[in-house]
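Data first, discussion second: the structure below is written as structure tokens.
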Amino acid sequence: MKKTTVKKNFFVKEQLEIAKEWIEKFDSYWLSIIDRTEQCPQIVYDELKKWQELALNNCSIGKSDEENLKVAIEFIKNFPIYWTTIVVKTLFGSPGITKEIENWRTQALFEIDKYKNRY
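Heads up, the numbering used here is the position in the sequence shown plus 234, with the first residue counted as 1.
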């Protein structure tokens, strides 16, 4: 039983690191989306940076890696909703960008989930 717990904790920690990495690298991903689509106003960058900082801060304040992982996954899962509020607030966006964001979310969750089945 103890060995299983240690193994699970290791993989939860790995999943958390992967989730944080996806959130941290969102800047560069976002820039690559914009380079392929359209000019982006500074206010949109500012809003995205706020989300990134909030996500990283909140997935580091829980009592355990497991709690922090749940928070990070929720931030990633709910990003398209946050993106919609940015679109409404700034009147910036297009179906192409929304699709790219959905792809980012799907890939991030897939990469995190790969470790889930190892314990």
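No residue lacks a Cβ here, since even glycine has one placed at the ideal position from N, Cα and C.
Helix, strand or coil, according to DSSP, for Lys297 in the structure here?
coil
Taking the Cβ atom as the reference point for each residue, do Asn371 and Phe309 lie within a distance shorter than 9 Å?
Here the chain comprises residues numbered 235 to 353, so residue 371 is not present and cannot be evaluated.
Kindly indicate which three-state DSSP category Gln273 falls into: helix, strand or coil?
coil
What would DSSP say about Leu288, mapped onto helix, strand or coil?
helix
Can you give the beta carbon distance from Ile320 to Glu287, rounded, assuming they're within the 8 Å contact cut?
Not really, about 15 Å apart at Cβ, beyond 8 Å.
Helix or strand or just coil, what does DSSP make of Gly327?
coil
What residue from Ser294, Thr332, Ile277, Thr340 has the CA that sits closest to Lys323's CA?
Ile277
Output the distance between the C-alpha atoms of Ser266 and Phe260, rounded to the nearest integer angstrom.
10 Å
What do you reckon, are the CB atoms on Val246 and Glu300 nearer than 9 Å?
yes
Under a Cβ-count criterion, where at least 16 other Cβ atoms within 10 Å of its own Cβ denotes burial, should Leu250 be classed as buried or exposed?
buried
Between Val305 and Phe344, what straight-line distance do the alpha-carbon atoms span, to the nearest angstrom?
16 Å
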